[in-house]
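Enquirer: Structure below; questions to follow.
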């Protein structure tokens, strides 16, 4: 089963918007590929200049991609890692809310960068949780969520937010 899933996630790359539009609302795995990303990863087998960044899973693939990975840094480990790697290049300024987050302008800048430099492939599969570990191990992405590079990048992102402010309970929470 793992070789078939790896082969499906290694299909030729299409523009990101086309790949996102084709995502289903079913469970499965998604592979993120990047170009001009400061991460070493396995090269795409057919598309030169693209390296594998991460493999993830979701109960609903379309929701994971559109409502997490391409939307908010606060809910996406991939976005947090990319933000940590691209802090200086994109002039990102993380700040504290309930957690370290980006302002809407910074989120938009990161999303624009992702749309220009990332591609994804996906495969629908109901046993996504069972397959995730073996597929990640087989593909060995450079920015895998549980890897040292991603962990260090997320820590850099969090540290860039500075010290956590003491919240005044009388002031309602507002996202920056």
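Numbering (UniProt numbering), first residue to last: 1 to 176. Backbone N, C-alpha and C define an ideal beta-carbon position, used for all residues, glycine too. As the structure is a computational prediction, the values presented were derived from the model and not from experiment.
Decide if residue 169 is buried, meaning its Cβ has at least 16 other Cβ atoms within 10 Å, or exposed.
Expert: It is exposed - the Cβ of residue 169 has fewer than 16 other Cβ atoms within 10 Å.
Enquirer: Under 8 Å Cβ to Cβ from residue 125, same chain only, skipping five residues before and after it: list those, please.
Expert: So the qualifying residues of the chain are 5, 27, 28, 29 and 131.
Enquirer: Thinking just about the alpha-carbon of each residue, which of 74, 33, 133 and 134 is nearest to the one in residue 48?
Expert: Residue 33 is the option with its Cα nearest to residue 48.
Enquirer: Is the region 37-45 close to the region 60-79, with three or more CB pairs under 8 Å?
Expert: Output reads no: the region 60-79 does not touch the region 37-45.
Enquirer: Could you check if residue 105 is buried or exposed, using at least 16 other CB atoms within 10 Å of its CB as the buried criterion?
Expert: Classification for residue 105: exposed.
Enquirer: Using the Cα positions of residue 98 and residue 164, report the straight-line distance between them to the nearest angstrom.
Expert: Approximately 9 Å, taken between the alpha carbons.
Enquirer: Give, in chain order, every unbroken run of the alpha helix (DSSP H) that is at least 4 residues long and sits entirely within the region 40-84.
Expert: Within the region 40-84, the complete alpha helix (DSSP H) runs of at least 4 residues are 61-64.
Enquirer: Nearest-angstrom Cα distance between residue 96 and residue 151?
Expert: Residue 96 and residue 151: Cα-Cα distance of roughly 19 Å.
Enquirer: Throw me the rounded Cβ distance for the residue 56 and residue 153 pair, which I believe falls under 8 Å.
Expert: Going by Cβ atoms, the distance from residue 56 to residue 153 rounds to 16 Å, so no, they are not a contact pair.
Enquirer: Apart from the five residues just before and just after residue 51, which ones in its own chain have a Cβ nearer than 8 Å to its Cβ?
Expert: Only 33, 34, 35, 37, 39, 40, 41, 42, 43, 44 and 142 meet the Cβ criterion.
Enquirer: Can you tell me whether DSSP reads residue 34 as helix, strand or coil?
Expert: Strand, per DSSP.
Enquirer: When we look at the beta-carbon of residue 177 and count the other beta-carbons within 10 Å, is it buried (16 or more) or exposed?
Expert: Residue 177 is absent from the structure shown; the chain starts at 1 and stops at 176.
Enquirer: If I measure Cβ to Cβ from residue 12 and keep anything under 7 Å in the same chain, skipping five residues before and after, which residues do I get?
Expert: Counting only Cβ-Cβ distances below 7 Å, and skipping sequence neighbours, we find 46 and 47.
Enquirer: Under a Cβ-count criterion, where at least 16 other Cβ atoms within 10 Å of its own Cβ denotes burial, should residue 139 be classed as buried or exposed?
Expert: Residue 139 should be labelled buried.
Enquirer: Looking at the unbroken beta strand (DSSP E) that takes in residue 123, where does it start and where does it end?
Expert: It spans 118-124 - the beta strand (DSSP E) in which residue 123 sits, taken as one unbroken run.
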